[in-house]
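A short write-up of the structure that comes next.
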Amino acid sequence: MLLLAPAYRGWAQQDAYTFVFLTKNANADKITQSLLDSLMKGHMANISRLAAEGKLIAAGPFDGGGGIFILRTASTDQAREWLSSDPGILARRWEVTLYPYKPFIGSVCAVKEPYEMVSYAFVRFDMVVTKFTAQNYPDILRRHEEYVRKLATTGNVVTYGILGEHDTGILVMKGEVQPEVIEADPGIQEGLFEVQYKKLYIARGSFCEPTGK
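With positions in the sequence shown counted from 1, the corresponding number in my numbering is that position plus 760.
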């Protein structure tokens with residue numbers, strides 16, 4: 761695994777968190793609607809409890825299924841323990857992936873009720889290690905960073921951060937994002953990153969963005 765920490769020294773690093781992806785489990789057991797409703801009720805109650813305890817800072821679903829949690833710990837082991845009380849996770853309704861998370865643009869903020877749910881474009885960058893990218897990643901990564909900073913000057917970037925050992929990143933943007941805008945990123949052009957697009961629903965202010973309209 762490539763350790764890319766030196767390449768990010770130009771960013772103002774903030775606190776570390778755990779970022780959780782919940783992905784719909786295609787092999788989940790077939791259950792009755794009443795049992796599914798009960799699991800989802802317990803899932804939502806667990807979210808509320810973790811938030812009340814100050815452990816869960818932000819959560820939101822993706823359009824089409826699955827979603828994210830951001831937890832107030834840099835330890836994925838501790839985060840996994842916190843999630844062990846979620847009946848939906850225990851029933852394997854989702855595949856759960858946890859990453860240490862550091863935001864570089866924006867941050868993570870707990871939002872109090874009443875809050876407004878908004879939709880954002882969610883872009884995930886996954887590093888592809890090849891002979892070419894391994895040899896050239898410092899230069900490619902520098903140009904990727906420059907491109908993200910350029911996007912941020914438009915005012916459309918809500919947050920940008922790094923997952924894991926600096927080999928995966930997320931970019932959250934306002935409105936509908938044209939794929940050609942993202943794919944003009946040198947990191948994608950040069951094959952350093954593969955990209956995924958989703959629509960995220962989350963409380964406005966979860967990434968410390970202004971809550972006013």
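All C-beta atoms, glycine included, are put in the ideal place defined by N, C-alpha and C.
Per DSSP, cross-strand counterpart(s) of Gln956: Arg884
Arg853: which of Ser808, Asp775, Ala786, Tyr907 sits nearest, CA to CA? Ala786
How about the segment 839-853 and the segment 885-904: do they share at least three Cβ pairs that are nearer than 8 Å? no
Proximity winner among Met933, Pro874, Pro860, relative to Val883 (alpha-carbon distances): Met933
Within its chain, find whatever has a CB closer than 6 Å to the CB of Ile817; leave out the 5 residues flanking it on each side and keep chain order. Ile830, Arg832, Val868, Ala870
According to DSSP, residues forming a beta bridge with Thr928: Asp886, Leu923
Assign Ile791 to one of three DSSP states: helix, strand, or coil. coil
Going by DSSP in three states, Thr971 sits in which element: helix, strand or coil? coil
Whole-angstrom distance between Lys862 and Gly924, CA atom to CA atom: 9 Å
Assign Tyr957 to buried or exposed, taking buried as 16 or more other Cβ atoms, counted over all protein chains shown, within 10 Å of its Cβ. exposed
CB-CB length for Ile962 against Tyr880, believed under 8 Å: 7 Å
Determine the contact status of Arg964 and Met887, defining contact as a CB-CB distance below 9 Å. no
Which residues in the same chain have their Cβ closer than 6 Å to the Cβ of Tyr875, if we skip the five residues on either side of it in sequence? Ala963
Note down, one range per segment and in chain order, each beta strand (DSSP E) of at least 3 residues found wholly within the segment 858-917. 877-887
Using the beta-carbon count (16 or more within 10 Å), is Glu905 buried or exposed? buried
Contacting residues, own chain, Cβ-Cβ under 6 Å from Leu843 (five flanking each side not counted): Ile849
Pick out whichever of Asp945, Leu931, Lys872 has its Cα sitting closest to the Cα of Arg902. Asp945
Residue span of the beta strand (DSSP E) that contains Ala818, given as start and end: 816-821
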